[in-house]
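Undergrad:
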Amino acid sequence: MDRKEFLKVCGGSCLGLMGISLLNQSCTGTHYVQSVADKNQLPVPKTEFTEIKKNKTEFRKYIVVKSDKIEQPIIVYRKADNSYEALLLRCTHQGIELNVNGDILTCSAHGSEFSNKGEVIQGPADQKLKSFVVTNDEKNIYIQLV
C-alpha cells in the first residue's frame, strides 16, 4: 500500500467514525427548559425529567434550564435518591458556556472538563463550578439563585 492509498483509507475510516459518533450523540439529545424567575428562584416542573419511550416512562438524568435572569444556562442533574444538583454552565477559567456531554461538562475554548458535581477534572480551570441550592415539592423543583 502506497502513501496516497493509506491516507485515503485512514481518512475515510476517520470520517466514518466521526459520523457515527455524531449520530450517537444526537440520539441522546439534551432537553432544554425555559423557566421564568419567581423572586429569586427558578421553578421547574418535575415532569421535565420524564419522557415516554415506547410507551414506557423513563427519567432523564439531567435537563438544562435557561432563563432571562441568568447569562448562561444551568444544568440540573437528577440523582438516584430523587435529589437534584444544579450547576452553572460557565467555565471558571474564562467564563465560556460549557458543553454538556452527559456527566462531563467541557469548555470549547481551552479544554477544561468538569464532573457532574462541578469538580475540575482537567484544567486549565482550577475552581469548581458555581452550584445552586435546589429545593422541591410534590410537583416542582426550585433553583435558588441567591
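The numbers in my numbering rise by one with no breaks, and the one at position 69 of the sequence shown is 80.
Every residue, glycine too, gets a C-beta built ideally from N, C-alpha and C.
No experiment lies behind these values; they were computed from the predicted model shown.
1) Does threonine 68 come out as helix, strand or coil in the three-state DSSP assignment?
2) Phenylalanine 60: buried (16+ other C-beta within 10 angstroms of its C-beta) or exposed?
3) With respect to the beta strand (DSSP E) encompassing arginine 89, which residues constitute its N-terminal and C-terminal limits?
4) Enumerate in chain order the residues of its own chain whose CB-to-CB distance from valine 145 is below 8 Å, with the five nearest sequence positions on each side excluded.
5) Going residue by residue through the segment 97 to 157, where are the continuous beta strand (DSSP E) segments of at least 3 residues, counting only ones entirely within it?
6) So is alanine 91 buried or exposed if we call it buried at 16+ other beta carbons inside 10 Å?
7) Leucine 100 to glutamate 69, Cα distance in whole Å?
8) CB-CB under 6 Å to serine 37, same chain, minus the five flanking residues each way: which ones, in chain order?
9) How far does the beta strand (DSSP E) with valine 47 in it reach, from first residue to last?
TA: The short version:
1) Mapped onto the sequence shown, residue 68 falls at position 57. The answer is strand: DSSP assigns threonine 68 an E or B state.
2) Your numbering for residue 60 matches position 49 in the sequence shown. Per the 10 Å Cβ criterion, buried.
3) Within the sequence shown, residue 89 is the residue found at index 78, counting from 1. That run of the beta strand (DSSP E) goes 85 to 89.
4) Counting from one through the sequence shown, the residue named residue 145 turns up at place 134. Contacts found: Val87, Ser94, Tyr95, Glu96, Ala97, Ile152, Tyr153, Ile154 and Gln155.
5) 110 to 112, 115 to 117, 131 to 133, 145 to 147 and 151 to 155
6) Taking the sequence shown and counting its residues from 1, one reaches residue 91 at position 80. Counting the other Cβ atoms within 10 Å of the Cβ of alanine 91 gives fewer than 16, which makes it exposed.
7) For the purposes of this step, residue 100 is taken as the residue at position 89 of the sequence shown. For the purposes of this step, residue 69 is taken as the residue at position 58 of the sequence shown. Computed Cα separation, rounded: 25 Å.
8) In the sequence shown, residue 37 corresponds to position 26, counting from 1. Unreliable positioning characterises serine 37 in this predicted model, as indicated by a pLDDT of 42, which lies under 50. The coordinate reading is nonetheless provided below. Result list for serine 37: empty, nothing under 6 Å.
9) What you label residue 47 is simply residue 36 of the sequence shown in a count that begins at 1. Counting along the chain, valine 47 falls outside any beta strand (DSSP E), and DSSP gives it neither H nor E.
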